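Residue numbers (the working numbering): 948 to 1201.
Ideal Cβ placement from N, Cα and C applies to all residues, glycine included.
This structure is a prediction, so every number in the text was calculated from the model and none was measured.
Report on the following structure.
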């Protein structure tokens, strides 16, 4: 089954058995403290504490330590070996009220260590919704969300050094979401997530920067859902002031 985290600033969650949802209890904002990122091994479900990060003047500085790099390597290897990566159940997402009501949807083209999004993209086109995909500028934190026309259209896009496809740098023919109607929903990847909606990305700040731009659009920031494996749920994720919280985490519980 799927479980959903509804991310809010809060104290530890309680489990709503009827809806398989983790609902956060309101609570005071806590002071920064040592951060422990916890993961489960896929085969044995044995809890593995890969690293403990002590928050200093900058949480991102802690992420540059050797122990943090070991953690990121573990997540990458988990994704590559995860036999469920291409069998990620999507029925829960397709019935989600935000997904059903959304017409302008941004979705990532998945890397090897991320939830495979191919079936989601097919469903977006099937229901006549508009599909926007990222175009990253690797020299900065700038990202655009560009409209695509079909799965075949995506398959013709060039490959990047990150082994994902995206529109060419000189492709100015595609509609950018914020140049027109904005976005209703954004499906977001990541390496780790916690209950408060904090997300561990890959360090470039693409999604944080883009969501900040969305907040200045007349339509406002889209609803954000992170797609994750249960093994990517963390006890705590360090953030900086510019990091944007996500609204919900959708993951499989096998």
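Beta-bridge pairing of residue i - partner residues as DSSP gives them
{"i": "residue 1161", "result": "DSSP, once it has assigned bridges, lists no residue as partnering residue 1161."}
{"i": "residue 1054", "result": "1134"}
{"i": "residue 1094", "result": "1079"}
{"i": "residue 1099", "result": "In DSSP, residue 1099 forms no bridge with anything."}
{"i": "residue 1041", "result": "According to DSSP, residue 1041 bridges with nothing at all."}
{"i": "residue 1112", "result": "1106"}
{"i": "residue 1139", "result": "1147"}
{"i": "residue 1180", "result": "1140"}
{"i": "residue 1123", "result": "1093"}
Beta carbon of residue i nearer than 8 Å to that of residue j
{"i": "residue 1195", "j": "residue 1176", "result": "no"}
{"i": "residue 1154", "j": "residue 1135", "result": "yes"}
{"i": "residue 1132", "j": "residue 1161", "result": "no"}
{"i": "residue 1147", "j": "residue 1184", "result": "yes"}
{"i": "residue 1040", "j": "residue 1069", "result": "no"}
{"i": "residue 1066", "j": "residue 1094", "result": "no"}
{"i": "residue 1056", "j": "residue 1111", "result": "yes"}
{"i": "residue 1156", "j": "residue 1085", "result": "no"}
{"i": "residue 1079", "j": "residue 1090", "result": "no"}
{"i": "residue 1051", "j": "residue 1128", "result": "yes"}
{"i": "residue 1168", "j": "residue 1158", "result": "yes"}
Buried/exposed call for residue i, threshold 16 Cβ in 10 Å
{"i": "residue 1004", "result": "Note that residue 1004 scores 33 on pLDDT, short of 50, meaning its location in the model is unreliable and no value can be drawn from it."}
{"i": "residue 1116", "result": "exposed"}
{"i": "residue 1054", "result": "buried"}
{"i": "residue 1102", "result": "exposed"}
{"i": "residue 1145", "result": "buried"}
{"i": "residue 1038", "result": "exposed"}
{"i": "residue 1082", "result": "buried"}
{"i": "residue 1042", "result": "exposed"}
{"i": "residue 1152", "result": "buried"}
{"i": "residue 1193", "result": "buried"}
{"i": "residue 1124", "result": "buried"}
{"i": "residue 1114", "result": "buried"}
{"i": "residue 988", "result": "With a pLDDT of 30 at residue 988, under the threshold of 50, the modelled position of that residue is not reliable, and no figure is offered here."}
Residue i beta carbon near the ligand ZN (any heavy atom closer than 7 Å)
{"i": "residue 1150", "result": "Within the structure as shown, the ligand ZN is missing, as the structure has no ligands at all."}
Checklist entry - Counting Cβ pairs closer than 8 Å, one from the stretch 1069-1080 and one from the stretch 1045-1060, do we hit at least three? => result At 8 Å Cβ cutoff, the stretches touch.
Checklist entry - Is it a yes or a no for the stretch 1059-1071 touching the stretch 1124-1143, going by three-plus beta-carbon pairs under 8 Å? => result Touching, per the Cβ criterion.
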